[in-house]
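Taking it in order: structure first as structure tokens, then the write-up.
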Amino acid sequence: MSLEDNLNKILIIDFGSQFTQLIARRIRELGVYSQIISHKKINNHILKTKNIIGIILSGGPLNVYEVKKVKFNKKILNSKVPILGICFGHQIIAKEFGGSVNKSKVREFGLANIKRIKKSILTRNFFNRNGLNNVWMSHSDEVTKIPKGFKVIASSKNSKFAAIENKSKNFYGIQFHPEVTHTHNGKKLIKNFIFSICKARRNWSSKIQKKIIINNVKNSVGTSKVICALSGGVDSSVVAKLLKNAIGNNLICIFVNTGLLRKNEEKEIVNTFKKRFKFNLIYVDAKSLFLNKLKNVSDPERKRKIIGKQFIKVFEKYSKKVKNAKFLAQGTLYPDLIESKSATGSQSSKIKSHHNVGGLPKKMKLKLVEPLKYLFKDEVRKLGLELNLPKKVIFRHPFPGPGLAIRMPGIITKDKIKILKDADEIFIKSLITNDLYDKIWQAYAALLPVKTVGVMGDNRTYEYICLLRAITSEDGMTADFFTFKKDFIQSVSNKIINSIKGINRVVYDVTSKPPSTIELE
Ligand code: XMP
Numbered sequence: 156m157s158l159e160d161n162l163n164k165i166l167i168i169d170f171g172s173q174f175t176q177l178i179a180r181r182i183r184e185l186g187v188y189s190q191i192i193s194h195k196k197i198n199n200h201i202l203k204t205k206n207i208i209g210i211i212l213s214g215g216p217l218n219v220y221e222v223k224k225v226k227f228n229k230k231i232l233n234s235k236v237p238i239l240g241i242c243f244g245h246q247i248i249a250k251e252f253g254g255s256v257n258k259s260k261v262r263e264f265g266l267a268n269i270k271r272i273k274k275s276i277l278t279r280n281f282f283n284r285n286g287l288n289n290v291w292m293s294h295s296d297e298v299t300k301i302p303k304g305f306k307v308i309a310s311s312k313n314s315k316f317a318a319i320e321n322k323s324k325n326f327y328g329i330q331f332h333p334e335v336t337h338t339h340n341g342k343k344l345i346k347n348f349i350f351s352i353c354k355a356r357r358n359w360s361s362k363i364q365k366k367i368i369i370n371n372v373k374n375s376v377g378t379s380k381v382i383c384a385l386s387g388g389v390d391s392s393v394v395a396k397l398l399k400n401a402i403g404n405n406l407i408c409i410f411v412n413t414g415l416l417r418k419n420e421e422k423e424i425v426n427t428f429k430k431r432f433k434f435n436l437i438y439v440d441a442k443s444l445f446l447n448k449l450k451n452v453s454d455p456e457r458k459r460k461i462i463g464k465q466f467i468k469v470f471e472k473y474s475k476k477v478k479n480a481k482f483l484a485q486g487t488l489y490p491d492l493i494e495s496k497s498a499t500g501s502q503s504s505k506i507k508s509h510h511n512v513g514g515l516p517k518k519m520k521l522k523l524v525e526p527l528k529y530l531f532k533d534e535v536r537k538l539g540l541e542l543n544l545p546k547k548v549i550f551r552h553p554f555p556g557p558g559l560a561i562r563m564p565g566i567i568t569k570d571k572i573k574i575l576k577d578a579d580e581i582f583i584k585s586l587i588t589n590d591l592y593d594k595i596w597q598a599y600a601a602l603l604p605v606k607t608v609g610v611m612g613d614n615r616t617y618e619y620i621c622l623l624r625a626i627t628s629e630d631g632m633t634a635d636f637f638t639f640k641k642d643f644i645q646s647v648s649n650k651i652i653n654s655i656k657g658i659n660r661v662v663y664d665v666t667s668k669p670p671s672t673i674e675l676e
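Each residue of the sequence shown is one higher than the one before, starting from 156 at the first, in our numbering.
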């Protein structure tokens, strides 16, 4: 049993809502541990768990009158702890305790104004002085009769029972979504539920996470050696630093220089981890190997496959040299684990074969250590700060596994890599000096495989086009291009053209994702 299992927690039962993770994040942001479990996974172990202090039933895409399809162990509703149902969860509460749910006469999607009907602990400091609030709704069914013992807390024009409670049993249902930022004071409602109703105490912070993870790692790994593929990205860096604190020199990191990294990245990684933090780091210079394998390859998918395969080969070769290695550390995050992500049954089609240092082969027969598997990305960043990792490492823009290879459509050559590294460095440094870097989710320079004519001084030039891309995004799934002021983009363009031989034209990518992707290949 891991230490998380001993923490008091709010259990979120997921019925497939796209916002379930947001509920968990809001609770954790308030300093309380919360865990998501799919409605299909409520088993006896869960039912007997002593430290569940409250339950939230999430929204979901199903209809409550098809509740037979929504299989879940209803004993969870008799757990004798407070329950809050959100949207579909609200309808489950109404239905299961004797009320009714039907198709809405008028569906509500987007903002709705609700009115207080009765005071409740749940909605303390939630409504404005006139007893009104704007909330975010997304439903086509509605509660049409509330169960015995329940009272109405709030109504909207189209939802008479927008919020209900059974105060003596501590059951609450709300048709709207308090977890999304569009619901005004939504976090206050969640805070009221967890602290005033569930009587939670703060038990979740980076300090606590660090202590728990280090203890867990020590217990599970013992005196064996652990191998970790260090890429220098935030997840693998935080994993490595946690393991270093837990098991010292029994952690062996392998860093593969593919030759496709950003300018000076390998030096920075060696300086940070080997020199500053005294890591046991195997540095593998595989630049020529990767360049040879990629010779004359221009197809994006082939590039990705070659890089992925070679990476694994190199990693396997060097990990075999580590005696007594029994574990492989990976930076799996909590969102990767939540199975109910596919509760709607949808499967996205393959756009690109992502290569990740985390995806190492099963045949290596190493047991996995996944110390971040209970954390969200922002929690990983906070933990990185707690571990004294440099801010530069923690807040660095994401960088794809195949590196510069996919920012250079067409064939890859040593010369092109050099040109691209220099251009990228100018762009990124300019973003930093102009305080723009942190406002942007990801930015990079790419080299297009097209030469165009230019004029420099009195001479004709015939050189490559450099493409700049800078986007804003929440999670990389969708993105919009960042709007720069003319002065800034012009000065970056000038710097690139004046200082890099090989580029005589700079263009800025103004597409969003979709229809484009963030990377070029
Ligand atoms: P796309 O280009 O798919 O990129 O819109 C979305 C995000 O994923 C990153 N990316 C990758 N990350 N291995 C990675 O670890 C990959 O193969 C890979 N391909 C794209 C990309 O940089 C962006 O942040």
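Backbone N, C-alpha and C define an ideal beta-carbon position, used for all residues, glycine too.
Closer than 7 Å: is that where the CB of residue i sits relative to any heavy atom of the ligand XMP?
{"i": "H509", "result": "yes"}
{"i": "K668", "result": "yes"}
{"i": "Q485", "result": "no"}
{"i": "T413", "result": "no"}
{"i": "I461", "result": "no"}
{"i": "T204", "result": "no"}
{"i": "G558", "result": "no"}
{"i": "P555", "result": "yes"}
{"i": "E456", "result": "no"}
{"i": "G631", "result": "yes"}
{"i": "T627", "result": "no"}
{"i": "I673", "result": "yes"}
{"i": "I248", "result": "no"}
{"i": "I506", "result": "yes"}
{"i": "Q465", "result": "no"}
{"i": "Q597", "result": "yes"}
Checking the sheet assignment: what are the DSSP bridge partners for residue i?
{"i": "S293", "result": "F264"}
{"i": "A634", "result": "K668"}
{"i": "M563", "result": "None, per the DSSP bridge assignment."}
{"i": "C383", "result": "C408, A484"}
{"i": "L239", "result": "I211, Y327"}
{"i": "L125", "result": "No information on residue 125 is available, as it lies outside the stretch 156 to 676 that the chain covers here."}
{"i": "S646", "result": "Paired residues: none, contrary to the question."}
{"i": "K522", "result": "F482"}
{"i": "D169", "result": "S193"}
{"i": "Y619", "result": "K606, I658"}
{"i": "S569", "result": "Note that residue 569 is Lys in the sequence shown, not Ser. Answer by DSSP bridge pairing: none, since K569 is not bridged."}
{"i": "R624", "result": "Y599"}
{"i": "T298", "result": "The question names Thr, but residue 298 in the sequence shown is Val. Note: V298 sits in a beta bridge opposite V256."}
{"i": "N614", "result": "M611"}
{"i": "V691", "result": "Given that the chain is displayed from residue 156 to residue 676, the structure contains no residue 691 and the question cannot be resolved."}
Assuming the contact rule is C-beta atoms closer than 8 Å, residue i and residue j should be a hit. Round their C-beta distance to whole Å, please.
{"i": "V477", "j": "I382", "result": "6 Å"}
{"i": "L540", "j": "F482", "result": "Between F482 and L540 the Cβ distance is about 26 Å, and since that is not below 8 Å, they are no contact."}
{"i": "F282", "j": "N288", "result": "5 Å"}
{"i": "F174", "j": "H339", "result": "Not a contact, Cβ separation roughly 16 Å."}
{"i": "A395", "j": "V372", "result": "Not quite, the Cβ-Cβ distance comes to about 12 Å (not below 8 Å), so this is no contact."}
{"i": "A384", "j": "S391", "result": "7 Å"}
{"i": "I345", "j": "I182", "result": "6 Å"}
{"i": "N589", "j": "E618", "result": "With 8 Å as the limit, N589 and E618 do not qualify as a contact, their Cβ atoms being about 26 Å apart."}
Indicate whether the contact test is met: 3 or more Cβ pairs, each with one atom in the stretch 602 to 610 and one in the stretch 476 to 491, closer than 8 Å.
no
Three or more C-beta pairs under 8 Å: does that hold for the stretch 214 to 229 against the stretch 243 to 257?
yes
Do the stretch 156 to 171 and the stretch 205 to 219 meet, that is, are 3 or more Cβ pairs less than 8 Å apart?
yes
Does the stretch 338 to 354 touch the stretch 297 to 317, meaning 3 or more C-beta pairs lie closer than 8 Å?
no
With three or more C-beta pairs closer than 8 Å as the rule, is the stretch 402 to 412 touching the stretch 426 to 440?
yes
On the three-pair Cβ rule with 8 Å, is the stretch 356 to 375 touching the stretch 314 to 324?
no
Can you find at least 3 beta carbon pairs, one from the stretch 644 to 663 and one from the stretch 567 to 587, that sit closer than 8 Å?
yes
Is the stretch 224 to 243 in contact with the stretch 197 to 205, if contact means three or more CB pairs nearer than 8 Å?
yes
Stretch pair the stretch 580 to 598 + the stretch 422 to 434: three plus CB contacts closer than 8 Å:
no
Does the stretch 529 to 549 come into contact with the stretch 558 to 573, if we say contact requires no fewer than three beta-carbon pairs (one atom in each stretch) closer than 8 Å?
no
Under 8 Å, with one C-beta from each stretch per pair, do the stretch 622 to 639 and the stretch 666 to 676 reach the 3-pair mark?
yes
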